[in-house]
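Working notes, beginning with the structure itself.
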Amino acid sequence: MSLTLAIIKPDAVASGSAGKIIAHLEEGGFEVHALRMTRLSLAQAREFYAAHSERPFYDSLVEFMTSGPVIPMVLEADDAVPALRGAIGATDPADAAEGTVRNLYAESKERNAIHASDSDENARAEIGFFFSTHERLGLSG
Ligand code: ATP
Ligand code: MG
407 MSLTLAIIKP
417 DAVASGSAGK
427 IIAHLEEGGF
437 EVHALRMTRL
447 SLAQAREFYA
457 AHSERPFYDS
467 LVEFMTSGPV
477 IPMVLEADDA
487 VPALRGAIGA
497 TDPADAAEGT
507 VRNLYAESKE
517 RNAIHASDSD
527 ENARAEIGFF
537 FSTHERLGLS
547 G
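Using this note's numbering, the first residue of the sequence shown is number 407, and each one after it goes up by one.
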């Protein structure tokens, strides 16, 4: 078993889909290990998506990610990183496979309901970005 980080993005929190998304992931075999609601500052959103800072959509992405509350969560599963990427679907909901979170709940390529870490290394860093060791005490991984 391994861990990954998901974030329910502001569009999905605002539309009242957060509970359904969490239930969908639990039914898909992910165990929630840590979870909270927070609102990203501009600096936090810029840092979190720093890898995209040269992309044309960066400023808009940062504005979107700070537009309302988000729900970061640590999820556990077998091969959690690729498993969660599969469960959320392609970045653009128009390309997301049937039954994936983005197919079911995303509005657009930017407002796409959920984030998932894309490597074990990034998962470790992103879990540390949102959760202290204390908040994960007693949990495996
Ligand atoms: P995430 O990192 O949020 O899990 P992803 O890995 O599927 O998504 P990335 O390429 O890392 O996709 O892009 C990060 C986020 O930036 C996307 O989820 C989306 O919100 C936004 N984004 C990516 N490409 C575009 C685009 N062409 N136009 C608008 N927004 C985009
Ligand atoms: Mg990404």
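Built from N, CA and C at the ideal position, the CB exists for glycine as well.
Quick caveat, the model's predicted, so the values are computed rather than measured.
Check residue i in the structure and name its three-state DSSP category.
i, result
"P462", "coil"
"A502", "coil"
"P416", "helix"
"A522", "strand"
"A512", "coil"
Is residue i close to the ligand ATP? I mean its beta-carbon at under 7 angstroms from any heavy atom of the ligand.
i, result
"L446", "no"
"F463", "yes"
"E513", "no"
"L356", "Limits of the chain in this structure are 407 at one end and 547 at the other, which puts residue 356 out of reach."
"E453", "no"
Residue i to residue j, Cα distance in whole Å?
i, j, result
"S473", "E460", "21 angstroms"
"T539", "R508", "30 angstroms"
"R517", "D485", "26 angstroms"
"H458", "I414", "19 angstroms"
"F537", "A440", "8 angstroms"
Does the ligand MG have a heavy atom nearer than 7 angstroms to the CB of residue i?
i, result
"D526", "no"
Which one of the options has the shortest CA to CA distance from residue i?
i, options, result
"F436", "F454, A512, A412", "A412"
Under 7 angstroms Cβ to Cβ from residue i, same chain only, skipping five residues before and after it: list those, please.
i, result
"A451", "V468, M471, T472"
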